Structures are given as C-alpha cells and as structure tokens.
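In my numbering, the protein residues as written are 4 to 715. Yeah, the Cβ is synthetic: ideal placement off N, Cα and C, and Gly gets one too. All values derive from a computational prediction rather than experimental measurement. Here's the structure, in structure tokens; my notes come after.
Here it is, written out as structure tokens:
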C-alpha cells in the first residue's frame with residue numbers, strides 16, 4: 004500500500020503538523036545527500052565531540068559511525084596537530100569559516116592522511132553557534148600528482164641542463180683543430196659528465212684486432228703500459244666491451260670475478276669501478292673505446308648514460324671526420340710528393356740521356372775528321388759503345404721497375420750457389436770499384452750455401468748495391484760483403500765507409516725516383532730507380548731489404564735477407580752467344596731490314612754486312628714487301644711502327660707466302676712489355692727484340708740460324 008496522502012487528508016491536518024512533516028522530509032533528504040557524498044562529512048560540538056559520521060568518513064578514516072560518535076574529534080588528529088585542532092574550534096566559536104585548509108589526519112590503522120578541510124559553524128534557529136560541520140577530502144592523490152609533477156619538472160630541468168651542457172661540450176669538440184686535441188676534449192668531457200676520477204681513450208689499430216691508448220687522464224705510466232694494447236681476450240672492461248661491442252659497467256671490481264687478474268693493477272691505480280663505452284661510427288664500424296674510472300663503487304644512472312651516448316655520437320662523427328681529413332691530407336701530400344719526384348725524375352732523365360749523347364756526338368764528329376788514326380778510331384768506337392750500353396742500362400732499369408710494379412715480371416729460378424752470385428755481381432761492379440781504387444773484402448760462409456733464385460735478377464740486385472757503395476764512397480775507400488745464416492734465412496750485407504745516409508732519408512730510401520741530396524751532389528749517373536728495383540726483386544724472391552746508417556759521412560749498410568734454398572745446384576745454362584761464336588757461320592745469310600727510321604735501318608745493315616751477311620733495306624711496309632718477294636730472304640728484321648702498315652700486319656702477309664713460311668722474322672720495336680711480345684708471336688714473329696738491340700744478341704740469333712741451316 005502506498006503512503007501518499009490524499010488532498011482531503013492534507014487539508015484536515017493542522018498547520019503545525021504540516022510544518023513538522025515538511026521539516027522531517029527536508030532532514031531526510033539532507034541526510035541522504037550527506038550519506039551519498041564522496042567527501043567525508045562530520046559534525047561535532049563546540050567541545051569537539053563527534054555528532055555525525057557519514058559513509059565517506061567511514062571509508063576515508065576506517066572508523067564506523069558507531070565507533071566514533073560521542074567521542075572527541077582528537078581520535079583522528081595526530082598529537083602534534085591537536086593544538087591546531089583546538090585553534091580551529093576557537094575560530095568556529097567566533098563564527099569564522101575555514102575553507103580548504105590543508106592538514107593531516109590519522110586513519111584507524113595509524114597511517115597519516117593528507118586532507119583538505121572546509122569547516123563551518125552550525126547555528127540553531129536563533130542564530131546561536133551550537134557546533135561545527137567538517138567536509139574532509141582525501142588529498143593523497145593530488146599530493147602524489149604534485150610530487151610526481153615536481154619530480155618531472157626536476158627531471159626536465161636536469162635534462163635541459165644536461166642538454167645545455169652537452170651543447171657546450173659539443174661546440175668545444177668541433178672547435179678542435181686536430182684529432183689529438185679532439186680526443187683529449189672527448190675524454191675530459193665524458194669524465195666530467197659521469198663525475199669520474201680518471202679515464203682513457205683507445206683507438207682501434209689498422210688490423211682491427213688491438214685497442215691502443217690515444218689519450219689519458221689521471222693515470223701513471225705503469226698503468227698506461229699495462230693497458231697500452233688491449234685485445235679481444237683481455238678481461239678488463241675495455242676488453243669485454245671490445246668483444247661484445249656494447250657498454251660494460253663494473254660497479255665494483257672487487258665483486259667481479261673476471262676482473263680478478265687485474266685487481267693488483269686497479270689497487271695500484273686507485274680505482275674501484277669502471278665504465279667502458281664502445282665508439283661505434285654511424286656505419287657500424289668500431290673506432291675505439293672510451294673508459295672512465297671511479298675511486299669508489301659506482302653505478303651511473305640512466306640519465307647520465309643517455310647524455311654520454313648522445314655526446315659519443317658527436318665524438319664518433321668527429322673522429323671519423325678527422326681520420327678522413329687526415330687520410331685525404333696524406334694522400335694529397337703523397338700526390339704532391341709524387342708529382343715533385345716525377346718532375347725531378349723527368350729533369351734527371353733528360354740530364355742522364357744528354358750526358359751519354361754528348362760523347363757519342365763528339366766521337367762521331369771525330370771519326371769524320373781526315374787523318375784519324377786507327378787508335379783514335381778505336382777510342383771513338385769504345386766511347387760510343389760504352390755510352391750506348393749506359394743508356395740501355397738506364398732504360399732497362401726503368402722497364403724492370405715498371406714490370407715489378409705491374410706484377411708482370413717472371414723469375415726463372417734455379418738452385419744457385421751464393422758464391423757464384425756474389426762473384427758475378429762483383430764482376431759487374433768491378434769497373435766502378437777498381438776505377439775508384441776501393442778495397443773490397445768478401446766474408447762468405449766456407450760451406451756451400453744455396454738459394455732458390457733467378458740468377459740474372461739476384462746478380463742484378465747485388466751488382467746494384469755494390470755499384471752504389473762504390474759510387475758514394477770516396478776514392479780508396481773500403482767495401483765489405485758479409486753473408487751469415489740466420490735460422491732459415493741468409494743475410495747478405497754490403498757495408499761501406501762512404502757518405503752515409505741522413506736519418507730523414509732512411510724511411511723513403513727505397514721509394515721510386517728518390518735520391519738523397521748528398522748522393523745527387525756526388526752522383527755518377529742514375530735515375531734513382533736502383534734501390535726501388537732492388538727492393539722489388541728481393542721481394543719477388545720472398546726476401547726483404549733494409550738500409551742502415553749512423554748518419555752523414557758515417558758509411559752505410561744494406562742488408563738483403565733471402566730464404567735458403569735446396570742444396571742441389573742445377574747444371575749451369577749454356578751461354579747461347581758463346582756457343583754461337585764457337586761455331587762461326589760458314590757463309591752469310593740473306594737479310595731484309597724494314598724500318599721507317601733510315602739511320603736505324605742503314606746502320607744495322609752496315610753492321611750485318613761487315614759480319615758477312617747479304618742485306619737489303621726498305622723504309623716502308625709496301626716497299627719492304629715488294630723487296631722481300633723479290634729477294635726472298637732467310638731473315639727479316641721488321642719495325643712494328645711503320646707508317647703505312649703495322650709490322651704485325653706485314654708479318655701476317657709474309658707468313659701467307661710460300662717463301663715466307665720458312666723465313667725467320669724478328670720484331671724490332673721500342674715496345675717491350677709482355678703483351679707486346681705475345682702479340683708479336685701471335686702475328687707470326689719468331690723473335691722479339693727491344694730497341695736499342697744489343698749487337699751480341701742479334702749476332703747470336705743470326706749465328707744460331709746459320710747452325711740450323713742446311714748446307715747449301
């Protein structure tokens with residue numbers, strides 16, 4: 004049944020009853036509102052006795068209404084704040100209202116609650132203050148939010164300060180002008196950022212297997228020596244970071260078992276913690292290691308490490324830029340040096356070629372003079388021959404160095420006895436040695452010592468070194484050749500008491516076209532390729548060469564180290580030229596020479612005619628082909644660079660004829676590379692001779708043709 008009153012019943016009630024009922028309803032509604040509020044609402048007397056306690060108060064403080072009503076409010080007030088509560092009661096008695104007052108109250112379980120209070124006086128119908136109402140709101144969440152906000156603000160400020168510091172440090176780094184200055188700046192900055200006590204930087208060597216200290220701060224020499232080189236197997240923090248390519252933090256080396264072998268070093272260097280950070284470039288390549296050390300146990304926080312990582316990125320960029328710039332500078336310097344040496348070489352080449360041409364010209368002019376005696380003619384011939392040999396040697400040296408540089412030189416090795424090599428080299432150098440009246444001493448092993456070597460090339464090596472020693476030693480000096488076994492090697496030294504070598508020249512002495520100024524002043528001819536040629540030939544034999552000197556006017560020593568060879572010498576090769584000379588030609592050969600240089604063709608023809616051969620010459624390919632078809636020679640000397648047809652095409656045409664299939668064809672050219680020889684043989688040539696042709700080589704070739712020819 005409902006309780007709703009009818010209008011008649013309401014009309015029948017007295018006015019007093021109606022007012023009482025309305026008041027009851029209003030109080031019920033107010034109680035419902037209070038009880039449903041999320042805020043704790045409490046009423047109390049002016050003496051502080053609790054009169055009401057809503058559900059939110061029960062949730063906030065943990066007490067039920069039955070537990071607190073009638074008790075003093077001090078049950079929830081901390082002892083130190085009870086005087087504050089009494090002051091609040093006094094203010095209420097004076098009719099004051101207190102809004103949003105921040106304070107602390109106690110919960111039933113004893114924990115302290117930050118709350119926000121609003122306290123108002125309660126008056127009766129006559130306006131007399133009879134008590135107080137309190138609205139309490141839990142401020143814990145707000146306090147937590149404010150605390151977190153303060154922390155966040157502090158972190159943001161610290162981060163902003165760190166970024167400002169990082170920007171300042173980065174600016175200082177990029178203002179450094181050299182790599183070393185930059186490395187020291189990087190180290191100082193990271194030591195400062197991590198508040199470390201000392202540190203060092205290591206860079207990876209060219210092999211990529213060793214870290215070497217490049218900058219250090221706060222360490223004594225003993226420690227630097229111990230960590231001078233760190234490899235992948237090193238148990239230190241840098242060694243472990245090297246292996247893992249990731250940061251290694253050892254907060255306490257005393258509690259780190261792998262560090263145990265290095266603890267004595269750590270105690271002596273006075274550190275307890277280490278942080279090692281790899282320096283990895285943007286391309287992922289490891290550049291080095293940055294390590295900081297702390298006197299006490301230490302663990303850097305994430306913020307510090309993040310700032311360090313940001314700075315390390317700039318450091319890696321700086322290191323990479325500096326190394327690239329340094330490499331570029333070295334390359335530019337090398338190119339400038341090469342260009343300078345090229346210019347010097349061209350000037351020297353012109354000088355060296357003019358020198359022998361002068362006596363040749365004088366000798367030829369003398370031979371045209373009437374009344375020339377036989378002795379004078381012989382002397383002129385000797386001068387011409389000697390100077391031609393000298394120019395040939397110059398060009399041969401240049402060609403040999405070029406072949407070694409291209410890797411196209413081929414060694415013809417055989418088991419060779421050392422004494423024979425040295426003897427042949429001494430014979431080659433004897434004119435220079437005797438010409439300056441030097442004393443030569445040979446100290447070779449008594450037993451036979453064998454090398455697996457190209458006899459001609461190693462003879463060339465030791466002859467060059469002996470000739471150099473003779474040239475750059477004052478007359479009546481001394482030269483000594485020593486040879487000793489060193490394990491599986493043989494060390495051959497050429498020692499002189501000559502002009503010596505300046506210290507700054509030693510590192511580049513074997514560089515192509517290099518001659519010391521002191522040597523240039525006393526040079527007797529040469530292009531500065533001799534020692535480069537020596538090094539190249541020795542290297543091809545699996546050996547090495549070095550130079551030593553105490554300085555200018557202190558003599559010099561050149562040491563050639565070669566691997567020992569087997570002890571069974573092969574039979575000595577027969578000298579084809581000597582063999583041919585032993586069997587003189589019974590009658591001359593028919594020869595056609597085709598060369599667009601008339602002087603070359605005519606002078607060669609004269610030489611062969613004097614040797615008993617019947618010779619014809621032509622200066623173009625077509626004229627030569629017609630001459631050959633009519634003459635049908637046994638031997639043809641063809642220049643390759645003819646104006647109307649290449650010598651290769653001419654050779655192919657001659658081979659296509661019946662008589663040409665039997666002819667001996669010799670390519671005569673200034674092009675002497677291996678590719679030129681191969682092309683000549685493919686075109687039908689039997690031999691390939693490089694200008695200027697050695698007369699004994701040409702005579703040997705013709706003599707061998709004579710010996711193979713059927714009697715006619």
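DSSP state of residue i mapped onto helix, strand, coil
{"i": "residue 185", "result": "helix"}
{"i": "residue 475", "result": "coil"}
{"i": "residue 170", "result": "helix"}
{"i": "residue 142", "result": "coil"}
{"i": "residue 29", "result": "Caution applies to residue 29, whose pLDDT of 49 falls short of 50 and renders its modelled position unreliable; the value that the coordinates give is listed next. Here residue 29 sits in helix by DSSP."}
{"i": "residue 550", "result": "strand"}
{"i": "residue 651", "result": "helix"}
{"i": "residue 372", "result": "coil"}
{"i": "residue 622", "result": "coil"}
{"i": "residue 526", "result": "Confidence at residue 526 is low in this model, with a pLDDT of 45, below 50, so its placement is unreliable and the value that follows should be read with caution. Here residue 526 sits in coil by DSSP."}
{"i": "residue 2", "result": "What is shown of the chain runs 4 to 715, which leaves residue 2 out entirely."}
{"i": "residue 100", "result": "coil"}
{"i": "residue 132", "result": "strand"}
{"i": "residue 124", "result": "strand"}
{"i": "residue 544", "result": "coil"}
{"i": "residue 686", "result": "coil"}
{"i": "residue 322", "result": "helix"}
{"i": "residue 456", "result": "strand"}
{"i": "residue 117", "result": "strand"}
{"i": "residue 317", "result": "helix"}
{"i": "residue 345", "result": "helix"}
{"i": "residue 512", "result": "coil"}
{"i": "residue 645", "result": "coil"}
{"i": "residue 692", "result": "strand"}
Burial state of residue i (16 or more Cβ within 10 Å)
{"i": "residue 474", "result": "buried"}
{"i": "residue 332", "result": "exposed"}
{"i": "residue 553", "result": "exposed"}
{"i": "residue 137", "result": "buried"}
{"i": "residue 743", "result": "In the structure as shown, the chain starts at 4 and stops at 715, and residue 743 therefore has no counterpart that could be examined."}
{"i": "residue 124", "result": "buried"}
{"i": "residue 507", "result": "exposed"}
{"i": "residue 296", "result": "buried"}
{"i": "residue 141", "result": "buried"}
{"i": "residue 606", "result": "exposed"}
{"i": "residue 192", "result": "buried"}
{"i": "residue 646", "result": "exposed"}
{"i": "residue 471", "result": "buried"}
{"i": "residue 205", "result": "buried"}
{"i": "residue 668", "result": "buried"}
{"i": "residue 684", "result": "exposed"}
{"i": "residue 457", "result": "buried"}
{"i": "residue 211", "result": "exposed"}
{"i": "residue 73", "result": "exposed"}
{"i": "residue 730", "result": "Beyond the ends of the chain as shown, which are 4 and 715, falls residue 730; an answer cannot be given."}
{"i": "residue 699", "result": "exposed"}
{"i": "residue 579", "result": "Confidence in residue 579 is poor, its pLDDT being 37 and thus under 50, which makes the residue's placement unreliable; the coordinate value appears in the next sentence. By the neighbour-count rule (16 or more Cβ atoms within 10 Å), residue 579 is not buried but exposed."}
Residue interval of the beta strand (DSSP E) (run including residue i)
{"i": "residue 96", "result": "First-last for residue 96: 85-96, but that is the alpha helix (DSSP H), not the beta strand (DSSP E)."}
{"i": "residue 604", "result": "Segment 601-613 is the alpha helix (DSSP H) holding residue 604; no beta strand (DSSP E) there."}
{"i": "residue 660", "result": "Residue 660 -> no beta strand (DSSP E), and no H or E assigned at all."}
{"i": "residue 561", "result": "559-566"}
{"i": "residue 592", "result": "Looking at the DSSP string, residue 592 is not in any beta strand (DSSP E), and its letter there is neither H nor E."}
{"i": "residue 668", "result": "667-672"}
{"i": "residue 497", "result": "492-499"}
{"i": "residue 505", "result": "Looking at the DSSP string, residue 505 is not in any beta strand (DSSP E), and its letter there is neither H nor E."}
{"i": "residue 485", "result": "481-489"}
{"i": "residue 642", "result": "638-642"}
First and last residue of the uninterrupted alpha helix (DSSP H) at residue i
{"i": "residue 435", "result": "421-438"}
Supposed contact pair residue j and residue i - C-beta distance, whole angstroms, cut 8 Å
{"i": "residue 311", "j": "residue 196", "result": "6 Å"}
{"i": "residue 598", "j": "residue 671", "result": "7 Å"}
{"i": "residue 555", "j": "residue 463", "result": "That pair is no contact at about 28 Å."}
{"i": "residue 616", "j": "residue 692", "result": "Their Cβ separation, rounded to whole angstroms, is 16 Å, which puts residue 616 and residue 692 out of contact at 8 Å."}
{"i": "residue 290", "j": "residue 315", "result": "Contact doesn't hold; Cβ gap of about 10 Å is too wide."}
{"i": "residue 91", "j": "residue 78", "result": "So it is not a contact: roughly 15 Å between Cβ atoms."}
Which whole runs of the alpha helix (DSSP H) in the stretch 235-304 are 4 residues long or more, in chain order?
240-247, 266-272
Quick check on the DSSP output: what are the complete beta strand (DSSP E) runs of length 3 or more inside the stretch 40-76, in order along the chain?
43-48, 53-56
Counting only runs that start and end within the stretch 172-236, where is the alpha helix (DSSP H) found for 4 or more residues in a row?
182-196, 224-229
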